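Residue 134 in the numbering used here is what sits at position 30 of the sequence shown, and the numbering runs on without skipping anything.
Everything below concerns the one structure shown next.
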Amino acid sequence: MATQLSTNSEMLPAAENFVSCMRELFRDGGNETEIWTKASDYLRDLLVDEDLKRHADTWPDSLSVEGKPGNLLFYEDPDYGFVLNALVKAPNLKTTVHDHGKSWTLYGVLEGGEKVTRFERTDDGPQVPQTASISETGTHDVVPGYIDFVPPWEIHQEQNTDQRTIGFIVRSQRSGTFVQNRFDPENGTVAQYDGPVQMPYKLA
Ligand SMILES: [Fe+2]
Numbered sequence: 105m106a107t108q109l110s111t112n113s114e115m116l117p118a119a120e121n122f123v124s125c126m127r128e129l130f131r132d133g134g135n136e137t138e139i140w141t142k143a144s145d146y147l148r149d150l151l152v153d154e155d156l157k158r159h160a161d162t163w164p165d166s167l168s169v170e171g172k173p174g175n176l177l178f179y180e181d182p183d184y185g186f187v188l189n190a191l192v193k194a195p196n197l198k199t200t201v202h203d204h205g206k207s208w209t210l211y212g213v214l215e216g217g218e219k220v221t222r223f224e225r226t227d228d229g230p231q232v233p234q235t236a237s238i239s240e241t242g243t244h245d246v247v248p249g250y251i252d253f254v255p256p257w258e259i260h261q262e263q264n265t266d267q268r269t270i271g272f273i274v275r276s277q278r279s280g281t282f283v284q285n286r287f288d289p290e291n292g293t294v295a296q297y298d299g300p301v302q303m304p305y306k307l308a
């Protein structure tokens, strides 16, 4: 069932402002690459907001060691469908190798630091395959303020360092409304899942 938060639910002023800017972008139209590139600029401003950083001090860990990963869900836009999430990783945890299906994602590092590894498909199979050949294309360290720009079907993995790391995430649609792939680079198998569990959380 849809978890839709009202636009009237009050958030921190900087988050409210971010949402207004995002809504304006969607209202103006344009192609998705342009929209999400511009949205990165807005997110960059939001990530330095002191109120947001303070608020994040009390956010609970949302990536579990076993079982399904979770996201805090702050906002879902009733008209354009974009959502504001956070992924809070305890020290030394890593995600699976995965994509975000057909959705667009901006993954902004709010606190901590981690490694992001990217992969590419070396076969020409479908976007939702049962098996896939993939290879690593690079790993880089990310720090607060960094924004990972994740277009549809891009394959990646995040590995936390020895501190808590928070990703403040903007998605084009709520996880659970589209299929994602999880890749096993060793044996080439792929499994589908419906993304992280959504945990409504008040950003106020
Ligand atoms: Fe991801």
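Positions of the beta carbon are idealized from the N, C-alpha and C atoms, including for glycine.
None of these values were measured; they are calculated from a predicted model.
Query	Result
Would you be able to state if there are at least three C-beta pairs under 8 Å between the segment 232-248 and the segment 211-218?	yes
Please confirm whether L177 and Q277 have their CB atoms less than 8 Å apart.	no
Can you tell which of G174, V123 and D155 has its C-alpha closest to the C-alpha of P164?	G174
Using the rule of at least 16 other Cβ atoms within 10 Å of the residue's Cβ for burial, across every protein chain shown, is A236 buried or exposed?	buried
Is the segment 183-192 close to the segment 218-228, with three or more CB pairs under 8 Å?	no
What residue ranges within the segment 226-274 form continuous alpha helix (DSSP H) runs of no fewer than 4 residues, ordered along the chain?	none
Contact defined as beta carbons within less than 8 Å: I believe L167 pairs with K193. What is the distance between those atoms, to the nearest angstrom?	5 Å
Please find out if some non-hydrogen atom of ligand 1 comes closer than 7 Å to the beta-carbon of H159.	no
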